[in-house]
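First up is the structure itself, then whatever we jot down about it.
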Amino acid sequence: MAMVAVKKDTSEKVYKSRSMGAETWRRLKKNKGAIIGLIFFILLIAVTIFSSFYFNYDKDIIGQNISQRLQGPSAQHLLGTDQVGRDILYRILYGAKYSLTISCGAVGLGLIIGVILGSIAGFHGGFIDDLIMRITDVLYAVPNIMVAVIIVSLFGASTLTLLIALCVYAATNFARITRASVMTIRGEEYVESAYSIGLPTWKIIIKHILPNCLSPIIVQITLLIGTTIISASSLSFLGIGVPAPAPEWGAMLSEGREYMRTNAYMCVFPGLAIMFTVLALNLLGDGLRDAIDPKLKR
Amino acid sequence: MIKYILKRILQMIPAILITSLLIFVGMNLTSGDVARTILGDRASEEQLQAKRVELGLDKPIIVQYFNYMAKLCTGDLGKSYINGKDVFTEFQSRFPNTLELAFTAILFASIISIPLGIYTAMHQNTWQDTTGMVAALFGVSMPNFWLGLLLILLFSVKLGWLPSGGKSGITSIILPAITVGLGQAAMIARTTRSSMLDVVRQDYIRTARAKGCPEHKVIYKHALGNAMIPIITAVGLQLSNILTGSVLAETVFSWPGIGRWIFDNISKRDTPMVTGGIIMCAIVMCIVNLLVDLVYAFFDPRIKAQYVKKG
Numbered sequence: 001m002a003m004v005a006v007k008k009d010t011s012e013k014v015y016k017s018r019s020m021g022a023e024t025w026r027r028l029k030k031n032k033g034a035i036i037g038l039i040f041f042i043l044l045i046a047v048t049i050f051s052s053f054y055f056n057y058d059k060d061i062i063g064q065n066i067s068q069r070l071q072g073p074s075a076q077h078l079l080g081t082d083q084v085g086r087d088i089l090y091r092i093l094y095g096a097k098y099s100l101t102i103s104c105g106a107v108g109l110g111l112i113i114g115v116i117l118g119s120i121a122g123f124h125g126g127f128i129d130d131l132i133m134r135i136t137d138v139l140y141a142v143p144n145i146m147v148a149v150i151i152v153s154l155f156g157a158s159t160l161t162l163l164i165a166l167c168v169y170a171a172t173n174f175a176r177i178t179r180a181s182v183m184t185i186r187g188e189e190y191v192e193s194a195y196s197i198g199l200p201t202w203k204i205i206i207k208h209i210l211p212n213c214l215s216p217i218i219v220q221i222t223l224l225i226g227t228t229i230i231s232a233s234s235l236s237f238l239g240i241g242v243p244a245p246a247p248e249w250g251a252m253l254s255e256g257r258e259y260m261r262t263n264a265y266m267c268v269f270p271g272l273a274i275m276f277t278v279l280a281l282n283l284l285g286d287g288l289r290d291a292i293d294p295k296l297k298r
Numbered sequence: 001m002i003k004y005i006l007k008r009i010l011q012m013i014p015a016i017l018i019t020s021l022l023i024f025v026g027m028n029l030t031s032g033d034v035a036r037t038i039l040g041d042r043a044s045e046e047q048l049q050a051k052r053v054e055l056g057l058d059k060p061i062i063v064q065y066f067n068y069m070a071k072l073c074t075g076d077l078g079k080s081y082i083n084g085k086d087v088f089t090e091f092q093s094r095f096p097n098t099l100e101l102a103f104t105a106i107l108f109a110s111i112i113s114i115p116l117g118i119y120t121a122m123h124q125n126t127w128q129d130t131t132g133m134v135a136a137l138f139g140v141s142m143p144n145f146w147l148g149l150l151l152i153l154l155f156s157v158k159l160g161w162l163p164s165g166g167k168s169g170i171t172s173i174i175l176p177a178i179t180v181g182l183g184q185a186a187m188i189a190r191t192t193r194s195s196m197l198d199v200v201r202q203d204y205i206r207t208a209r210a211k212g213c214p215e216h217k218v219i220y221k222h223a224l225g226n227a228m229i230p231i232i233t234a235v236g237l238q239l240s241n242i243l244t245g246s247v248l249a250e251t252v253f254s255w256p257g258i259g260r261w262i263f264d265n266i267s268k269r270d271t272p273m274v275t276g277g278i279i280m281c282a283i284v285m286c287i288v289n290l291l292v293d294l295v296y297a298f299f300d301p302r303i304k305a306q307y308v309k310k311g
């Protein structure tokens, strides 16, 4: 029998195991829509930071310049000026700050409250679960804009009431998601073993259960920031959100409404800003959902 | 069946109790001195006290709430603090407008969204699918009050075809209905598409195709029937959202509906009007949810069998 030199196959690939985050990112990168959404969102954050330093709030943003009032888009004022001569482009760029901080703040607050309530309800079950879920049901059943309108109108418009009003919808969403995930996970063996070595309940929830329901929560955060931006601008449009003369996009639309017949651009540009921001977040949210759980991909 | 409906009606009670308690306490805590609001700054302390006694405001809040609910059980929603009008009559005069807007909007939304959803699902991953879903994504991302402004700008200001607001004649409902309906259409289209995609991957669809069933029959008879439940849920959810949450469209188009009426009364701190209005809205929403559940039975014999067994 001829002897064949066995050569070691050097072309053998070494398969590295990827973490969940790396795997999600690999899939997300393939989704063009999600990447466009992500880039837009990062740019928006950059604009928010940049405009806070670049513009002088009293002069550029709320400073009146009657001689320049109601001028259409031109080289000097790319998106035109409003009824007291303020540059609409500057106001829209600066206004990103309000939409982003209010919506991120409200969703963040909703996340904390919702996750706590959802974990308690899902982990304990029984009466506490019933009570928490009945209240969430009621709040979930009423349209989010109506809940927000009622809370802000009752307690007066301030940053805090606005945050509370807008966080209710987010909190009910997060409570439902967390509860459902906790209920499926709490029976797992690793939770039982954590119990058997004597870990306190709160530690089990934080260390062993919550990391396992992160995926749906991350997707929901992205989508809810978008919804909350629309709700916040709706409240401002109704006149109970961020008070004038702050350049909140919804408030700008409300002001522009009076000049709709003569200066239509005042009603167009702030709306475009809202729409593209929410669109970017929805693209990113949809992409994240597909990337985190490809089974859901349609 | 009747037993099931009765059970569902009884289940509404806790939801209505929680809603009414939250809103009643909220309104009372933030209304300030109602007697002074009604009588003005010149009223004497005696007059104010007499008014408080007349309205029952001198009693503790929990007693006030029980008195209110006791009256509610007899069908009395109370009278406005500001103008003395009967709450139920006021509600009744506006509710048909809201109903009209909601049904026109949901009809418009369903007519465009369900076929769109089916079409995009049947042509998955083609340019038609991508275009349809990008359009739907735009629809979801657009604030509806802004869409309303754009429609007014185009159809009322520029073209002069349709009225820009108010309720006068059949043409006045077109723009508000499109404004409210378009966002809802986008959501329903997305749900229809994903529900159809779920169903067309099932074995029985393959069987239907294998036995030579024509494609349109496969879609409309075998697939759509089974994909209907999530679609009905989406339509029902959107309908109840419009019935109580179209304050923005009503504001943009000066539509005399419930949303704007409640909003105005909250600003005036008219507790009976607001509490009564919101309780009525809660009841309407529960009824819509019940109707949606009953429609399920119409489409799905399995659900119907469950109801009949229960009933």
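Residue numbers (our numbering), protein chains in the order written: chain A, 1 to 298; chain B, 1 to 311. Ideal Cβ positions, reconstructed from N, Cα and C, are used throughout, including at glycine.
{"Item": "Touch test, the stretch 172 to 190 of chain A against the stretch 240 to 258 of chain A, Cβ-Cβ under 8 Å, three pairs minimum", "Value": "no"}
{"Item": "Distance, B/Phe145 Cα to B/Arg193 Cα", "Value": "26 Å"}
{"Item": "Three-pair Cβ contact test at 8 Å for the stretch 221 to 229 of chain A versus the stretch 105 to 124 of chain A", "Value": "yes"}
{"Item": "Of the listed residues B/Asp293, B/Ile62, B/Phe88 and B/Leu150, nearest to B/Thr74 (C-alpha basis)", "Value": "B/Phe88"}
{"Item": "Within 9 Å of chain A by C-beta, residues of the stretch 138 to 154 of chain B in sequence order", "Value": "Phe138, Val140, Ser141, Met142, Pro143, Asn144, Phe145, Trp146, Leu147, Leu149, Leu150, Ile152 and Leu153"}
{"Item": "B/Phe91, buried or exposed, once every other Cβ within 10 Å from all chains shown has been counted against 16", "Value": "buried"}
{"Item": "Residue-level contact to chain B via CB, A/Ala264, 8 Å cutoff", "Value": "yes"}
{"Item": "Neighbour flag for B/Leu342 against chain A, beta carbons, 8 Å", "Value": "Look at the range of chain B in this structure, 1 to 311, and you will see that residue 342 of chain B is not part of it."}
{"Item": "Buried/exposed call for B/Ile279, threshold 16 Cβ in 10 Å", "Value": "buried"}
{"Item": "Contact belief for B/Gly181 with B/Phe253 at Cβ below 8 Å, rounded distance in angstroms", "Value": "Actually they do not touch by this definition, with Cβ atoms about 13 Å apart."}
{"Item": "Whole-angstrom distance between B/Ile174 and A/Ile218, CA atom to CA atom", "Value": "39 Å"}
{"Item": "Alpha helix (DSSP H) segments (min. 4 residues) lying fully within the stretch 8 to 56 of chain A", "Value": "20 to 30 and 32 to 54"}
{"Item": "CA nearest to the CA of A/Gly80, picked from A/Ile120, A/Val268 and A/Ala175", "Value": "A/Val268"}
{"Item": "Identified DSSP bridge partners for B/Asp86", "Value": "B/Lys79"}
{"Item": "Short CB-CB distance (under 8 Å) between A/Arg257 and chain B", "Value": "yes"}
{"Item": "Min CB distance A/Leu89 to chain B below 8 Å", "Value": "no"}
{"Item": "Start and end residues, alpha helix (DSSP H) containing B/Ser141", "Value": "Trp127 to Ser141"}
{"Item": "Same chain, Cβ closer than 7 Å to B/Leu162, five either side skipped, listed in chain order", "Value": "Phe155, Ser156, Thr171, Ile174 and Leu175"}
{"Item": "Any C-beta of chain A under 8 Å from that of B/Asn28", "Value": "no"}
{"Item": "Where the stretch 18 to 42 of chain A meets chain B: residues whose CB sits under 9 Å from a CB there", "Value": "Gly33"}
{"Item": "In DSSP terms, what A/Asp87 is bridged to", "Value": "A/Thr81"}
{"Item": "Touching by the beta-carbon criterion (3+ pairs, under 8 Å), the stretch 114 to 125 of chain A and the stretch 160 to 178 of chain A", "Value": "yes"}
{"Item": "Backbone CA spacing between A/Arg18 and A/Gln220 [nearest angstrom]", "Value": "24 Å"}
{"Item": "The stretch 60 to 72 of chain A / the stretch 19 to 29 of chain B touching (three or more Cβ pairs under 8 Å)", "Value": "no"}
{"Item": "Distance CB(B/Phe138)-CB(A/Leu279) smaller than 8 Å", "Value": "yes"}
{"Item": "Under 9 Å (Cβ pairs) to chain B, residues found in the stretch 266 to 283 of chain A", "Value": "Cys267, Val268, Pro270, Gly271, Leu272, Ile274, Met275, Phe276, Thr277, Val278, Leu279, Ala280, Leu281, Asn282 and Leu283"}
{"Item": "Cβ of B/Gly245 within 8 Å of any chain A Cβ", "Value": "yes"}
{"Item": "Alpha carbon of A/Ser233 to alpha carbon of B/Thr251, nearest angstrom", "Value": "14 Å"}
{"Item": "Near-chain A residues of the stretch 6 to 19 of chain B - C-beta to any C-beta below 7 Å", "Value": "Pro14, Ala15, Ile18 and Thr19"}
{"Item": "Under 8 Å by beta carbon: chain B residues contacting A/Ser158", "Value": "Those within 8 Å of A/Ser158 in chain B number zero; the least Cβ separation is about 13 Å."}
{"Item": "Neighbourhood of A/Ile132 by C-beta, 6 Å cutoff - its chain only, sequence neighbours within 5 removed", "Value": "Leu117 and Ala121"}
{"Item": "7 Å Cβ shell around A/Asn144 - same chain, five flanking residues per side excluded", "Value": "Tyr169 and Ser231"}
{"Item": "Status (buried if at least 16 other CB within 10 Å, exposed otherwise) for A/Ser196", "Value": "exposed"}
{"Item": "Whether A/Gly287 touches A/Gly33 by CB criterion (8 Å)", "Value": "yes"}
{"Item": "Contacts of A/Gly110 in chain B (Cβ-Cβ under 8 Å)", "Value": "Within 8 Å Cβ-Cβ: nothing; A/Gly110 doesn't reach chain B, min ~18 Å."}
{"Item": "Short CB-CB distance (under 8 Å) between B/Phe299 and chain A", "Value": "no"}
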